[in-house]
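Okay, structure first, notes after.
There are 2 protein chains.
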Amino acid sequence: MKLEKIRTMEEFAAVSGISRPTLSKYFNDPGSVRSSTRERIEAALDRYDYRPNIYAVNQNRQMTRNIGIVVPYLADPFFAEVARNLEPLCAEAGFRPILLSSHGDPAQEIENLESLRAIKPAGVLLAPLGRRSHHEEVRDFCRDVPTVLFDCDIPGAGDAFIGSDNEQSIRLIVEYLCRTGEPPAFFEMTTPPNPNANKRHAAYEAAMLALGHTPRFLGAEGEGWSFEEIGYREGMRMLDGRELPTDTVLCSNDRLAIGVLAAAYEKGLRVGLGHGSALRVAGHDDHPYARYTCPQLTTVAQDYKEISSRSIGEILSIIESGIRRKTRLTKLYEGTLVMRRSA
Amino acid sequence: MKLEKIRTMEEFAAVSGISRPTLSKYFNDPGSVRSSTRERIEAALDRYDYRPNIYAVNQNRQMTRNIGIVVPYLADPFFAEVARNLEPLCAEAGFRPILLSSHGDPAQEIENLESLRAIKPAGVLLAPLGRRSHHEEVRDFCRDVPTVLFDCDIPGAGDAFIGSDNEQSIRLIVEYLCRTGEPPAFFEMTTPPNPNANKRHAAYEAAMLALGHTPRFLGAEGEGWSFEEIGYREGMRMLDGRELPTDTVLCSNDRLAIGVLAAAYEKGLRVGLGHGSALRVAGHDDHPYARYTCPQLTTVAQDYKEISSRSIGEILSIIESGIRRKTRLTKLYEGTLVMRRSA
DNA sequence: ACCTTAATTTTACGCGCGTCAATAATTTTG
DNA sequence: CAAAATTATTGACGCGCGTAAAATTAAGGT
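These protein sequences, in sequence, are chains G and H.
Just so you know, the UniProt record's numbering puts 81 at position 81 of the first sequence, and the rest follows in order with no gaps.
Just so you know, the UniProt record's numbering puts 24 at position 24 of the second sequence, and the rest follows in order with no gaps.
Here is the structure:
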């Protein structure tokens, strides 16, 4: 039970019997004052309700203790999960996470960055939109503010890129699919918003050729981030037209696969391995909903826990050292096969 | 192309030939200065790169132009969608939305509110966790900061509650289900985190009785916000034990239904209307993924566009009038039936 | 042109805190 | 126990902008 509200540090100095500059030191770094005074301060803090005014504090610092987190599309549960992992990691390090979503819009992305710039964050974690991002403006921002890119790369932007090894993960699932049935065709958007899709395209092609198979692509038309809808609509179209060259479809990501599975169900096609099945469908990412599709989706899990913690680690080391990276770091984490029922 | 960076309003006053107080007025409300001077300012703004320092601005205002948005669980695509709708509405009104997720944790919820309090927001839109929320502390917050609750109510907290009319929407789908087949049993969590679940429980009971049927409840054990997992696990258990008293299951929300559908698929049960089907499953909310389940989920759509815009509208009217509501407003929006394949 | 009204400029203070220099108090060391 | 080293206090200034009062200027109407 707090006795009374204290409005300024001056007042708090009066009631606590500690001088204001010492209090200021304490709030900036509790370890910088003698332990006996720290205890006195904390005892007073316990009795009185006082918190330094953020605006006054930050006005007199060139760097705040905010870390911006910008994701391309928060309505995608994958990024929601990543954000959920990132936030507590920030908080533990004593920083305030500020989460912004670009909602699939490059202009919004730049607006988010400008909005962050105004806040003078200590650092930023940015998962860019990708292909449609305004690359030059993103690079400009990264020059001014320490930034770590994750999930999706923009060449030359930021101090580091932490992501998935699409080459390895796609090879992994292609090999699995070839080993257990017909070689897969690759279901992808013809104009994907995200460059990971391009890497996966190339990785599929390389993996198929290495195994002596002919790569076959299933191009889904559509723009934007409504992947399930695109997967469903284009999946329906392909199933209608009997365009499928094989009974095995590897989707560029799980959200497309969710749409394809819905289409297959609609068409009465039994999906899965084994005899009674007409189709195998696999995805990529291990999306939170992948285990609740029908059938449960076989996919490659991105190591997003590692990606999250490494991204935070990188930005913190830049912040704490106070020096930007001279050479840009790129760190890719390997995916792991998640065998379920769909392939 | 901006000529040079201006650091302070003083400097900008010098280069633009406008006095600093006038500039201050302009930045607070561009409409408050004469149009001729507005044009001069905007011309200068076009040539020089200057933005007022947020921290200095907010220090000297008792109220900032921030609106806090607190949701219980951002990894739930429903809330992600709501947030996505809310953000542009805030921005259009000239406010900066600050999105925080409680991640299903009551302590985090209070922390979010405290964090917002420190920011002195003009107002807050709060979708509380519900049953497990620390009600007293939420009420305390709402006393200090204009707050509109949405989605889930906490009695006596905030200036208004904007939500769904569970009574109406549940009756709607119960009547539909009874009209088209066997009366439904109600699949729900025995200890739901959200009081909407309790309202839906009561609404189901009332609707069934009104139609002359016996309400039957299917209680799913489990804690937390992993509804799909609970629906799947408990659905499996019930299907294993052949506990189902009818062939029709109405789930308390779509996320549970997604789990139940996955369980039914796993068990080889054909879900849907009509002859070949062994089970009908319906949900509530019209979750973003409801149209990609197998089969597509019949459900009741919450009017979340209306809920979003009305919530913003309420908080803006409180902010702009500067007076808190004397009587607490409660506004419930009706749901609409979304007939798909599952029931 | 003159008056009224509205808008702008000048001047000046204050917000709450960071931070510095000089001084005083406390702790540590020899 | 005195000297040295560390930590706290006192006093003061500045950050960038809001804002008030008084003086000045510009716009609108007859």
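Where a beta carbon is used, it is the ideal one built from N, C-alpha and C, also for glycine.
Residue i classed as buried or exposed, judged by whether at least 16 other C-beta atoms fall within 10 angstroms
| i | result |
| --- | --- |
| G/Asn60 | exposed |
| H/Thr298 | buried |
| G/Pro146 | buried |
| G/Glu43 | For clarity, residue 43 of chain G is Ala in the given sequence; the question names Glu instead. Exposed, by the Cβ-count rule. |
| G/Pro77 | buried |
| G/Lys199 | buried |
| G/Pro97 | buried |
| G/His275 | exposed |
| H/Arg324 | exposed |
| G/Asp159 | buried |
Within-8 angstroms CB hit, residue i to chain H
| i | result |
| --- | --- |
| G/Glu228 | yes |
| G/Gln302 | no |
| G/Tyr26 | no |
| G/Arg84 | yes |
| G/Ile54 | yes |
| G/Glu243 | no |
| G/Ala160 | no |
| G/Tyr204 | no |
| G/Pro72 | no |
| G/Leu23 | no |
| G/Tyr265 | yes |
Close-in-space but distant-in-sequence residues of the same chain around residue i (CB under 6 angstroms, 5 per side omitted)
| i | result |
| --- | --- |
| H/Thr246 | Glu182 and Ala185 |
| H/Thr248 | Leu177, Gly181, Glu182, Pro184 and Arg280 |
| H/Ala278 | Leu269 and Arg270 |
| H/Ala93 | Leu316 |
Beta-carbon proximity list for residue i, same chain, < 8 angstroms, skipping 5 on both sides
| i | result |
| --- | --- |
| G/Arg340 | Ala290, Arg291, Pro295, Gln296, Leu297, Thr298 and Thr299 |
| G/Asp165 | Leu332, Tyr333, Glu334 and Gly335 |
| G/Glu306 | Tyr333 |
| H/Pro106 | Leu129, Arg132, Ser133 and His134 |
| G/Val33 | Thr22, Lys25, Tyr26 and Ile41 |
| H/Tyr304 | Phe78, Glu81, Val82 and Asn85 |
CB contact below 8 angstroms: residue i versus chain G
| i | result |
| --- | --- |
| H/Leu116 | no |
| H/Pro295 | yes |
| H/Ala122 | no |
| H/Gly259 | yes |
| H/Arg51 | yes |
| H/Asn194 | no |
| H/Ser289 | The question names Ser, but residue 289 of chain H is Tyr in the sequence shown. True, the Cβ-Cβ gap to chain G drops below 8 angstroms. |
| H/Asn58 | yes |
| H/Leu218 | no |
| H/Glu109 | no |
| H/Tyr48 | no |
| H/Ile154 | no |
| H/Ala282 | no |
| H/Pro77 | yes |
| H/Ala127 | no |
| H/Ala80 | yes |
Start-to-end residues for the alpha helix (DSSP H) that takes in residue i
| i | result |
| --- | --- |
| H/Ile54 | Ile54 to Gln59 |
| H/Phe141 | His135 to Asp144 |
| H/Thr147 | No alpha helix (DSSP H) holds H/Thr147; the beta strand (DSSP E) holding it covers Thr147 to Phe150. |
| residue 346 of chain G | This structure does not reach residue 346 of chain G, given that chain G is present from 1 up to 343, and the question cannot be answered. |
| G/Gly235 | Phe227 to Asp240 |
Residue i: first and last residue of the uninterrupted beta strand (DSSP E) it sits in
| i | result |
| --- | --- |
| H/Leu218 | Phe217 to Ala220 |
| H/Leu99 | Arg96 to Ser101 |
| G/Leu244 | Per DSSP, G/Leu244 belongs to no beta strand (DSSP E) and is neither H nor E. |
| H/Met189 | Ala185 to Met189 |
| G/Leu209 | Counting along the chain, G/Leu209 falls outside any beta strand (DSSP E), though it belongs to the alpha helix (DSSP H) covering Pro195 to Ala210. |
| H/Leu116 | Counting along the chain, H/Leu116 falls outside any beta strand (DSSP E), though it belongs to the alpha helix (DSSP H) covering Pro106 to Ile119. |
| H/Leu126 | Gly123 to Leu126 |
Beta-carbon proximity list for residue i, same chain, < 7 angstroms, skipping 5 on both sides
| i | result |
| --- | --- |
| H/Asn196 | Cys152 and Asn166 |
| H/His287 | Pro77, Phe78, Asp254 and Arg255 |
| H/Ala301 | Asp286, Gly335, Thr336 and Val338 |
| H/Ile319 | Ala122, Gly123 and Pro146 |
| residue 344 of chain H | Nothing can be reported for residue 344 of chain H, as the shown portion of chain H is limited to 1 through 343. |
| H/Thr190 | Gly219, Ala220 and Glu221 |
Distance cut-off 7 angstroms: residue i Cβ against heavy atoms of the ligand FAD
| i | result |
| --- | --- |
| G/Glu320 | This structure lacks the ligand FAD, and indeed carries no ligand of any kind. |
**Q.** Entirely enclosed alpha helix (DSSP H) segments - the stretch 257 to 336 of chain G, minimum 4 residues
**A.** Listed in chain order, they are 304 to 321.
- request: Taking only runs that begin and end inside the stretch 4 to 86 of chain H, name each unbroken alpha helix (DSSP H) of 4 or more residues, in chain order.
  value: Within the stretch 4 to 86 of chain H, the complete alpha helix (DSSP H) runs of at least 4 residues are 9 to 16, 20 to 28, 35 to 47 and 54 to 59.
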